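Per the UniProt record's numbering, residue 1 is the first one in the sequence shown, and the count goes up by one each step.
We put the beta carbon where it would ideally sit given N, CA and C, even for glycine.
This structure is a prediction, so every number in the text was calculated from the model and none was measured.
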Amino acid sequence: MKKLKIASLPGDGVGKEVVPAAQTVLKAISDVHGGLRFDFTEYPWSCEHYLKHDQMMPDDALDKLKDADAIFLGAVGNQKLVPDHISLWGMLIKIRREFEQVINIRPAKLLKGITSPLANPKDFDLLVVRENSEGEYSEVGGRIFRGEDEVAIQNAVFSRRGSERAMRYAFELAAKRKKHVTSATKSNGIVHSMPFWDEVFQSVKTDYPDIGTDSQHIDALAAFFVTQPQRFDVIVASNLFGDVLTDIGAAIMGSIGIAPAANINVNGKYPSMFEPVHGSAPDIVGKGIANPIGQIWTAKLMLDHFGEEELGNKLLDIIEDVTAAGILTPDLGGKYGTKEVTGAIAERILKL
Ligand code: NAD
Ligand code: IPM
Ligand code: MN
Numbered sequence: 001m002k003k004l005k006i007a008s009l010p011g012d013g014v015g016k017e018v019v020p021a022a023q024t025v026l027k028a029i030s031d032v033h034g035g036l037r038f039d040f041t042e043y044p045w046s047c048e049h050y051l052k053h054d055q056m057m058p059d060d061a062l063d064k065l066k067d068a069d070a071i072f073l074g075a076v077g078n079q080k081l082v083p084d085h086i087s088l089w090g091m092l093i094k095i096r097r098e099f100e101q102v103i104n105i106r107p108a109k110l111l112k113g114i115t116s117p118l119a120n121p122k123d124f125d126l127l128v129v130r131e132n133s134e135g136e137y138s139e140v141g142g143r144i145f146r147g148e149d150e151v152a153i154q155n156a157v158f159s160r161r162g163s164e165r166a167m168r169y170a171f172e173l174a175a176k177r178k179k180h181v182t183s184a185t186k187s188n189g190i191v192h193s194m195p196f197w198d199e200v201f202q203s204v205k206t207d208y209p210d211i212g213t214d215s216q217h218i219d220a221l222a223a224f225f226v227t228q229p230q231r232f233d234v235i236v237a238s239n240l241f242g243d244v245l246t247d248i249g250a251a252i253m254g255s256i257g258i259a260p261a262a263n264i265n266v267n268g269k270y271p272s273m274f275e276p277v278h279g280s281a282p283d284i285v286g287k288g289i290a291n292p293i294g295q296i297w298t299a300k301l302m303l304d305h306f307g308e309e310e311l312g313n314k315l316l317d318i319i320e321d322v323t324a325a326g327i328l329t330p331d332l333g334g335k336y337g338t339k340e341v342t343g344a345i346a347e348r349i350l351k352l
């Protein structure tokens with residue numbers, strides 16, 4: 001029996017709706033697969049926790065999480081209660097950094113039964129490898145002066161080690177896919193970090209002669225995501241570029257509510273964290289219509305991470321069976337709720 005200890009962090013907003021939904025699906029998986037069990041421990045850390053305790057997570061939070069086999073997170077953020085930079089840096093980004101989850105993988109492809117907003121989406125199947133620990137997301141900088149003279153300075157941090165690590169990760173994944181890596185750059189406008197990023201890419205690619213490459217400026221690349229997503233296989237991007245690109249990736253899949261993601265700790269020292277691309281969706285919270293597929297597809301990435309790829313692929317097939325049957329939430333033009341979509345997926349698993 002393989003027992004997996006999962007720390008469950010529903011967080012805020014629809015996180016509290018879609019995490020239990022995905023847990024139902026994982027429970028169904030262990031019911032049919034006698035050899036696999038998920039032991040969930042839930043932590044109620046959130047903006048509400050902040051209001052009561054003046055912090056997003058308790059002092060010993062990372063100690064509590066560190067022995068888990070994985071962290072399963074919904075979403076963090078409720079700007080009505082706590083400013084985003086406090087809630088996110090106090091929880092989501094803190095965990096990503098302290099647990100050295102330096103790579104964020106975010107696939108995008110079109111599932112049957114889902115209408116893309118693109119007129120001609122054909123079969124795109126791409127994967128963004130987002131550098132997840134540095135880049136534009138940095139604490140280096142500050143605010144000086146006041147009033148009209150006030151200045152905010154935000155420094156981006158690009159290390160050779162961090163950039164190279166993300167690029168190598170992208171090449172390794174491309175070797176198992178369509179063997180192409182696109183680097184997202186902006187070396188025409190950003191004079192220090194991006195020429196450096198390009199140099200590192202040029203040097204890393206010489207180690208992977210079988211993989212095709214190209215570099216695209218992020219503005220043009222964003223447009224190609226819309227006009228020709230089929231041209232891409234793996235895209236490697238800095239933290240912010242990867243963030244923006246993956247919301248576009250989600251949009252062309254039909255909804256941000258279905259896009260999955262995984263924050264990977266590559267050195268095995270700490271747990272990896274699995275959370276969908278979307279946020280806490282305050283505009284639909286409590287209505288029972290949050291799309292659970294982003295969180296459930298994220299559970300598939302977690303299964304892959306545990307070496308259960310066959311099961312992970314089966315889960316994605318079942319998700320696609322349900323979308324193909326038109327069992328969709330309103331963000332995808334459907335009339336079903338979180339419970340119905342989750343139930344349809346769990347039911348099909350139990351029939352396996
Ligand atoms: P968002 O992803 O929460 O919402 C954007 C739009 O997508 C909204 O219209 C929302 O209803 C819709 N949407 C999102 N998830 C959905 C789902 N599962 N089903 C159906 N529709 C869905 O982005 P935002 O509005 O920019 O952010 C809201 C809050 O979430 C902010 O506090 C933000 O900082 C936070 N956030 C957190 C994460 C995370 O924890 N990983 C990611 C993004 C945003
Ligand atoms: C994401 C989110 C986060 C990010 C925010 C909420 C800090 O947008 O995971 O995509 O930018 O990484
Ligand atoms: Mn984002």
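- Looking at the DSSP output, Thr185 shares a beta bridge with His217.
- For Gly15, the CB stays at least 8 angstroms from every heavy atom of the ligand MN.
- Not one heavy atom of the ligand NAD sits closer than 8 angstroms to the Cβ of Thr342.
- At least one heavy atom of the ligand NAD falls within 8 angstroms of the beta-carbon of Gln79.
- Residue pairing by DSSP places Asn104 opposite Arg130 and Asn263 in a beta bridge.
- With a beta-carbon spacing of about 5 angstroms, Lys179 and Ile211 fall inside the 8 angstroms limit used to define contacts.
- Each of Ile29, Phe124 and Ala152 was checked against the Cα of Gln230, and the nearest Cα belongs to Phe124.
- Judged by DSSP in its simplified three-state form, Ser30 adopts helix.
- Of the candidates Val322, Asn155, Gly242 and Gly333, Gly242 places its Cα closest to the Cα of Ala108.
- In the three-state reduction of the DSSP assignment, Leu328 falls in the coil class, being assigned neither a helical nor a strand state.
- Look at the stretch 119–182 and you find these whole runs of alpha helix (DSSP H), each 4 residues long or longer: 160–175.
- Inter-residue distance for Tyr336 and Glu134 is about 39 angstroms (C-alpha atoms, whole angstroms).
- When DSSP states are grouped into helix, strand and coil, Thr41 belongs to the strand group.
- Cβ-Cβ distances below 6 angstroms link Tyr169 to Ile103 and Val129 in the same chain, with the five nearest sequence neighbours on each side left out; the list follows chain order.
- Taking 8 angstroms as the upper bound for CB-CB distance, Met273 and Leu126 are not in contact here, some 22 angstroms apart.
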